[in-house]
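There are 2 protein chains.
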Amino acid sequence: LNRIKASGLKLRFCTNETQATREKFVKKLQGMGFDISVAEVTAPAPAACRILKERSLRPHLLVHDDLVPEFDEIDKTNPNCVVIGDAAENFTYANLNEAFRLLIGMEKPVLIALGRGRYYKETDGLKLDVGAYMKALEYACDVQAEVVGKPAKAFFESALAEIGVPPQQAIMIGDDIVNDVGGAQRCGMRALQVRTGKYRPCDENHPQVKPDAYVNNLAEAVDIILQQL
Amino acid sequence: LNRIKASGLKLRFCTNETQATREKFVKKLQGMGFDISVAEVTAPAPAACRILKERSLRPHLLVHDDLVPEFDEIDKTNPNCVVIGDAAENFTYANLNEAFRLLIGMEKPVLIALGRGRYYKETDGLKLDVGAYMKALEYACDVQAEVVGKPAKAFFESALAEIGVPPQQAIMIGDDIVNDVGGAQRCGMRALQVRTGKYRPCDENHPQVKPDAYVNNLAEAVDIILQQL
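For the protein sequence lines, the chains are A and B, in the order given.
Read left to right, the first sequence gives residues 496 to 724 (my numbering).
Read left to right, the second sequence gives residues 496 to 724 (my numbering).
Below, the structure written as structure tokens:
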């Protein structure tokens, strides 16, 4: 990361993290020694807030408690849409029924999903991610969710806009073959798949997505990028 | 009901009820004055038990506590499939993660769903039904559930087999345009839509399903059937 910053290349962190505010997320990474600030992070919640404001939508939030502060400035009275994130322990039977009832009661139900991940791994095992619960509400209400976050094209485009770089001159580095690599490529960027994190060997035979290159880790990705400058 | 029984016509009750055993379900209807016995009921849980036995499947159950006795005779050790019913309060975050982990850990995940309903109405409001949670697990594990219960063809066929009647000589009476009427018709039966229960006027413009006739209630359905004998 320091080598990229020293090279003068523009850098943006694109995360689908919706279990915490950007502040908390950045503090965690800083604690691990990364040189990162809130202003450098593109995340689903602020992207959703822009959409809510633009379309005068007042959300009912089905999100993690720690994410709620990201929506502090949004009017949430008399909701006319539902925003679903990785609510984790908040994915209770009662909370899902409540979100469902609000949606089905709307003349034109609007469901905004902060990502469409299937599952993720925590120390105590695999957990269902926001995408699974999004599918449940989509089916029950016969609606299609609007996905904010990777792999949505608009999400990558807003990250690029924030640093003022066209997609052809940008490269994505990620561990998620579909959300990182596939999403960035559909937006016109090149993308490197790192063989760390959630990478699995079977990703190299993915039926839809072919990365521009594989690298064993982030350092190797930086080597390749800096060599080609 | 009494008029049908008196006429000598064969009768079968087809229900997607998965919040209680057939015993409990029948007692409830008897209490309301209906002449009905357990032996006359076709329900998803016993249909699932037949499949489990035939294919040597050992289920992990994500169902309502009151339904568990239907699976008393089934080996549930070391599960190699997941059976999901309308688990209601048992649809907790922890239980869904547990079912998901078992499925994703299987070499060939098998998910059996006791129905595919979207939602239903209770006195305290609308509730998400088994179909919504089925979709969540389908998406997370990239599998297709096998649906037992209406509108599955096999479900109607087993009801017909139990009374020894070919579909061309049978008629379904139901309030659910898709699960009752559509399912029965796809199986070669005729089907009457009653304008009671979960019927909604917009059902009469359903894009896929056209009942053989509409009736205002069960008594009118019996009138029509007895007239044509």
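Backbone N, C-alpha and C fix where the C-beta goes; we use that ideal spot for every residue, glycine too.
Predicted, not measured: the structure shown is a model, and the values here were computed from it.
- Legend: CB atoms of the region 704-723 of chain A lying less than 9 Å from CB atoms of chain B are not found in any residue.
- Within the region 622-638 of chain A, the residues whose Cβ lies closer than 9 Å to any Cβ of chain B are, in chain order, Lys622, Leu623, Asp624, Gly626, Ala627, Tyr628, Met629, Lys630, Ala631, Leu632, Glu633, Tyr634, Ala635, Cys636 and Asp637.
- The way I'd put it, the region 678-690 of chain A does touch the region 704-722 of chain A; three or more beta-carbon pairs between them come closer than 8 Å.
- Proximity of chain B to Tyr614 (chain A) at the Cβ level (cut-off 8 Å) is accounted for by Phe595, Ile599 and Ala635, in chain order.
- Nearest Cα to Ala542 (chain A) within the set A:Val521, A:Met527, A:Thr510 and A:Asp530: A:Thr510.
- By the rule that beta-carbons nearer than 8 Å mark a contact, Glu549 (chain B) does not touch chain A.
- A straight line joining the alpha-carbon of Ala540 (chain B) with that of Pro564 (chain B) spans about 10 Å.
- Secondary structure within the region 554-603 of chain B: the alpha helix (DSSP H) runs of 4 or more consecutive residues, fully enclosed, are 588-599 (chain order).
- Taking the Cβ atoms as the reference, Gly612 (chain A) lies roughly 7 Å from Asn674 (chain A), within the contact range of under 8 Å.
- The beta carbon of Thr618 (chain B) does not come within 8 Å of any beta carbon belonging to chain A, so the residue lies off that interface.
- Counted as a single uninterrupted DSSP element, the alpha helix (DSSP H) harbouring Gly678 (chain A) occupies residues Gly678 to Arg681.
- Proximity of the region 595-610 of chain B to the region 610-625 of chain A meets the contact definition, three or more beta-carbon pairs being nearer than 8 Å.
- With a threshold of 16 other beta carbon atoms within 10 Å, Asp671 (chain B) meets it and is buried.
- Tyr628 (chain A) sits in a helix when the DSSP states are folded into three classes.
- In the structure shown, Ala686 (chain A) falls within a strand segment according to DSSP collapsed to helix, strand and coil.
- For Phe586 (chain B), same chain residues with a beta-carbon under 7 Å away, outside a window of 5 residues either side, are Tyr628 in chain order.
- A Cβ-Cβ contact shorter than 8 Å links Val642 (chain A) with Gly610 (chain A).
- Taking the Cα positions, Asp581 (chain B) is about 45 Å away from Leu713 (chain A).
- In terms of CA proximity to Gly659 (chain A), A:Lys505 leads the group A:Glu568, A:Val533, A:Lys505 and A:Phe520.
- Boundaries of the alpha helix (DSSP H) around Gly526 (chain A): Arg517 to Gly526.
- Distance from the CA atom of Ile607 (chain A) to the CA atom of Gly626 (chain B), rounded to whole angstroms, is 21 Å.
- Between Thr516 (chain A) and Asp561 (chain A), the beta carbon gap of about 7 Å places them in contact (Cβ cut-off 8 Å).
- Ranking A:Thr537, A:Gln680 and A:Arg545 by CA distance to the CA of Gln664 (chain A) puts A:Gln680 first.
- Counting only Cβ-Cβ distances below 7 Å, Leu591 (chain A) has contacts in chain B at Leu623, in chain order.
- Close to Phe520 (chain A), with beta-carbon spacing below 7 Å, lies no residue of chain B; the smallest spacing is near 22 Å.
- Distance from the Cα of Lys645 (chain A) is smallest, within the candidate group A:Asn590, A:Lys616 and A:Glu512, for A:Glu512.
- Annotation for Glu657 (chain A): Arg507 and Thr537 place their beta carbon closer than 8 Å to its own, counting only its chain and skipping 5 residues before and after.
- Only buried fits Ala631 (chain A), as 16 or more other CB atoms lie within 10 angstroms of its CB.
- Residues of the region 674-696 of chain B with a Cβ closer than 8 Å to any Cβ of chain A: none.
- The C-alpha of Arg690 (chain B) is placed about 7 Å away from the C-alpha of Tyr709 (chain B).
- Not a single CB atom of chain A sits nearer than 8 Å to the CB of Glu602 (chain B).
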